[in-house]
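In what follows, a structure is listed as structure tokens, so that the remarks can point back to it.
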Amino acid sequence: MKLDEKQQAILNGSEGEIKAKVMKTLVMYGDAFGAEKMVPVTGKYNHLVTSFGLSVMSEMYSLMDKLIAAGAVSEQKFSVDPRPIDKNIPTNLMQKLFFKIMYSKQESYENQLNKLGLMDKNAFTCACYFDEVGNKPQKGDVLSWAESSAVVYA
Numbered sequence: 001m002k003l004d005e006k007q008q009a010i011l012n013g014s015e016g017e018i019k020a021k022v023m024k025t026l027v028m029y030g031d032a033f034g035a036e037k038m039v040p041v042t043g044k045y046n047h048l049v050t051s052f053g054l055s056v057m058s059e060m061y062s063l064m065d066k067l068i069a070a071g072a073v074s075e076q077k078f079s080v081d082p083r084p085i086d087k088n089i090p091t092n093l094m095q096k097l098f099f100k101i102m103y104s105k106q107e108s109y110e111n112q113l114n115k116l117g118l119m120d121k122n123a124f125t126c127a128c129y130f131d132e133v134g135n136k137p138q139k140g141d142v143l144s145w146a147e148s149s150a151v152v153y154a
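Position one of the sequence shown corresponds to residue 1 (this note's numbering), numbered consecutively onward.
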């Protein structure tokens with residue numbers, strides 16, 4: 001993949017090890033899909049799919065902390081897939097206990113998402129393109145969305 005001067009400098013470590021790793025990942029992803037170069041994302045908002053705080057996903061939380069510490073945050077705000085639990089749906093005591101254990105990292109993870117650029121505290125949806133979400137692209141926009149229904153929509 002052909003990189004411009006700034007992209008190459010980041011890949012070479014000019015902005016630190018973490019951003020170099022992020023750039024390397026983007027280059028590898030681009031290479032895998034035959035991209036010739038990177039193009040600017042023109043959509044107003046991005047979309048991320050991982051929205052739940054499962055305790056077994058410790059590596060992801062560690063990665064998020066490293067991105068935050070390195071200042072490798074999105075230049076664009078983003079929406080994210082739904083939370084794992086809808087507090088409006090009645091649950092019994094056993095279910096509440098199970099969910100508390102199962103999603104023990106939810107609050108911490110949402111704090112990480114906020115630091116990384118979450119649009120707002122209610123930006124949880126798997127249909128990020130709905131008008132009420134505010135993430136509807138314009139025709140011709142280049143998007144950074146990771147959600148199966150959104151990719152098909154786009």
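For every residue, glycine included, the Cβ atom is placed at its ideal position computed from N, Cα and C. These numbers come from a predicted model, not from an experiment.
Top-ranked residue by Cα proximity to residue i, from the options
| i | options | result |
| --- | --- | --- |
| residue 150 | 48, 104, 60 | 48 |
| residue 109 | 83, 37, 89 | 83 |
| residue 144 | 1, 88, 61, 26 | 26 |
| residue 137 | 33, 93, 79 | 79 |
| residue 124 | 100, 98, 81, 94 | 81 |
| residue 131 | 45, 92, 146, 94 | 45 |
| residue 127 | 117, 112, 118, 146 | 146 |
| residue 129 | 148, 117, 29, 121 | 148 |
| residue 141 | 96, 43, 77 | 43 |
Neighbour-count burial assignment, residue i, 16 or more Cβ in a 10 Å radius
| i | result |
| --- | --- |
| residue 106 | buried |
| residue 135 | buried |
| residue 33 | exposed |
| residue 28 | exposed |
Reduced DSSP secondary structure (H/G/I, E/B, other) of residue i
| i | result |
| --- | --- |
| residue 37 | strand |
| residue 54 | coil |
| residue 12 | coil |
| residue 136 | coil |
| residue 105 | coil |
| residue 87 | coil |
| residue 3 | coil |
| residue 118 | strand |
Paired residues, beta bridge with residue i - DSSP
| i | result |
| --- | --- |
| residue 124 | 80 |
| residue 48 | 80 |
Proximity test, Cβ basis, 8 Å: residue i and chain D
| i | result |
| --- | --- |
| residue 136 | The chain labelled as chain D is not found in the depicted structure, where only one protein chain is given. |
The region 8 to 19 touching the region 62 to 78, judged by at least three CB pairs closer than 8 Å: yes
Any 3 or more C-beta pairs closer than 8 Å across the region 112 to 122 and the region 48 to 65: yes
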